[in-house]
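So the sequence shown is residues 1376 to 1593, counted in my numbering.
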Amino acid sequence: MNASKAETAIYQGQFGEFTITATDRRGVVVYRAGLTIAAASFAIATSAVLYLGATPSVLAWLTVLYALFSLGLGVSLLTIHIYLVPLHRLLQVFWAIGTIAAIAVSWRSDLPLLQAAYERPIALIGLGFAFAALTGIFFKEAFCFDRFETKFLTPLVPLLLLGHVSGLLPLAAERGLLVAWSVLFLIFALRKCVQPIPSDIGDKSVFAYLKQRAGKAA
1376 MNASKAETAI YQGQFGEFTI TATDRRGVVV YRAGLTIAAA SFAIATSAVL
1426 YLGATPSVLA WLTVLYALFS LGLGVSLLTI HIYLVPLHRL LQVFWAIGTI
1476 AAIAVSWRSD LPLLQAAYER PIALIGLGFA FAALTGIFFK EAFCFDRFET
1526 KFLTPLVPLL LLGHVSGLLP LAAERGLLVA WSVLFLIFAL RKCVQPIPSD
1576 IGDKSVFAYL KQRAGKAA
């Protein structure tokens, strides 16, 4: 099916028929590109700190990679399709809080961003809101597409962060979970790139129905 036929195809949704436009498709491409940037940045950062060590130059690059990760995540949260608008907005708010916290830590701390987050639990809690938003994406993808990697990532992310903040996880376990996170995140992003685009758009009739209901309620 070529692009013009795909755009004029009529789909039967739960609340009526709908079509998928070029704008819809671009939104999915942008969503997936954001995920890929976030996953690649996270994987590079993980590899650097584990294999090169926390040298001053590595820590400086980690700040840059975290900025790319946060930017990619923010783009994905802007373009993701989630039926429940309040949940969508909540994930965006979590990302915003995490981003503001990262900027504040970078501005006020005498340590590089990721070192401060690692050594000071209060800093990690602030940044953790962004990771909570990422976990929300994993949960949504696990629920909608039954992907094995997101089923592991959904509990893995909070387990690692809370385990570190509480001091309950030994260093070897933290390293293992971090590697698993980076590998599974990269697998998830790469698999999204070859997934049929309409599946990420979802049932547009549901969005139209929910929007109509919200308008009536207002």
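In this text, a Cβ means the ideal position worked out from N, Cα and C, and glycines have one as well. These figures come from a predicted structure and were not determined experimentally.
Candidates the options: closest to residue i by CA position
i	options	result
Leu1559	Lys1526, Gln1467, Ile1472, Val1433	Lys1526
Leu1509	Tyr1386, Ala1414, Ala1408	Ala1414
Phe1444	Ser1481, Ser1432, Ser1416	Ser1416
Tyr1441	Val1424, Ile1455, Pro1533	Val1424
Ile1419	Val1403, Phe1504, Arg1483, Trp1436	Trp1436
Gly1409	Leu1561, Leu1448, Val1581	Leu1448
Phe1563	Arg1483, Phe1513, Asp1485	Phe1513
Gln1411	Val1450, Gly1428, Leu1553	What sits at residue 1411 in the sequence shown is Thr, not Gln. Nearest option by C-alpha distance: Val1450.
Lys1567	Thr1438, Arg1522, Tyr1426	Arg1522
Ala1471	Leu1452, Leu1553, Pro1461	Leu1452
Gly1511	Leu1552, Gln1467, Pro1496	Gln1467
Whole-angstrom C-beta distance between residue j and residue i, which should lie under 8 Å
i	j	result
Tyr1406	Asp1578	Not quite, the Cβ-Cβ distance comes to about 17 Å (not below 8 Å), so this is no contact.
Ala1477	Leu1488	6 Å
Leu1630	Gly1473	Outside the displayed range of the chain (1376 to 1593) lies residue 1630, so it cannot be described from this structure.
Thr1394	Tyr1386	7 Å
Phe1469	Phe1504	5 Å
Ala1507	Leu1531	About 13 Å separates the two Cβ atoms, so there is no contact after all.
Close Cβ partners of residue i (< 7 Å) along its chain, the five nearest in sequence each way excluded
i	result
Lys1356	Here the chain covers residues 1376 to 1593 and nothing more, so residue 1356 does not appear.
Leu1427	Val1433
Under the three-state DSSP convention, the category residue i falls into
i	result
Phe1393	strand
Tyr1386	strand
Leu1486	coil
Ile1457	coil
Gln1467	helix
Ala1429	coil
Gly1449	helix
Arg1495	coil
Val1439	helix
Pro1573	helix
Asp1578	coil
Other residues of its chain near residue i: CB distance less than 8 Å, five sequence neighbours each side excluded
i	result
Leu1499	Ala1492, Tyr1493, Leu1536, His1539, Val1540
Glu1549	Leu1535, Gly1538, His1539
Residues of its chain near residue i, where Cβ-Cβ distance is below 6 Å and the 5 sequence neighbours each way are ignored
i	result
Ala1517	Thr1525, Lys1526, Thr1529
Ala1384	none
Ser1557	Phe1417, Ala1418, Thr1421
Ser1484	Ala1491
Ser1481	Leu1488
Gly1402	Thr1454
- Item | Runs of alpha helix (DSSP H) wholly within the segment 1515-1550 (minimum 4 residues, chain order) | 1523-1541, all fully within the segment 1515-1550.
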